[in-house]
Amino acid sequence: MFNQLSFQRVLPAPLKLEGRKPMRYMVWLLVVALIILRQDLWLWDNGTLVFGFMPITLLWQAGISIGAAIVWFLATIFAWPTDLIEEAEKQAEGGE
21 MFNQLSFQRV LPAPLKLEGR KPMRYMVWLL VVALIILRQD LWLWDNGTLV
71 FGFMPITLLW QAGISIGAAI VWFLATIFAW PTDLIEEAEK QAEGGE
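See below:
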């Protein structure tokens with residue numbers, strides 16, 4: 021089931037283009053930015069409630085979690101090792 025799936029056919033055409041290496045650096049930069057932004061020292065003593073019930077620090081952490089999911093999605097597209105994709109395609113064709 022899994023080994024019959026070709027990742028190259030799943031990805032949209034613009035993502036198949038060469039030049040993924042600069043985006044790998046961008047993904048790493050975003051990871052470092054998330055690590056720095058995760059330390060919300062500027063909101064630690066803020067007791068503001070958002071929507072009347074949610075502390076602003078909890079909303080900040082929810083935003084960080086959504087940002088981490090987006091960065092992980094980008095990492096799987098741009099920073100995933102291409103040799104794993106080629107190996108999976110070989111196995112799908114029946115080769116070893």
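So the sequence shown is numbered by this note's numbering: it starts at 21 and just counts up by one. A virtual CB, placed ideally from N, CA and C, is assigned to each residue, including glycine. If you're wondering where the values come from, they're calculated on a predicted model, not measured in any experiment.
Any contact of the region 52-67 with the region 77-92, i.e. 3+ C-beta pairs under 8 Å? With the cut-off at 8 Å, the region 52-67 and the region 77-92 touch.
Taking all protein chains shown into account, decide if V70 is buried (16 or more other Cβ within 10 angstroms of its Cβ) or exposed. Along the sequence shown, one-based indexing puts residue 70 at 50. The residue is exposed, with fewer than 16 neighbouring Cβ atoms inside 10 Å.
A89 beta carbon less than 8 Å from that of R44: Counted from its first residue, the sequence shown places residue 44 at position 24. Counted from its first residue, the sequence shown places residue 89 at position 69. For R44 and A89, no; Cβs fall outside 8 Å.
If I follow the unbroken alpha helix (DSSP H) through G72, where does it start and stop? If you number the sequence shown from 1, residue 72 lands on position 52. Run containing G72: none; DSSP gives neither H nor E here.
Quick check: what's the CA-CA separation for K110 versus L50? On the sequence shown, position 90 is the one that residue 110 refers to. On the sequence shown, position 30 is the one that residue 50 refers to. One C-alpha to the other measures close to 33 Å.
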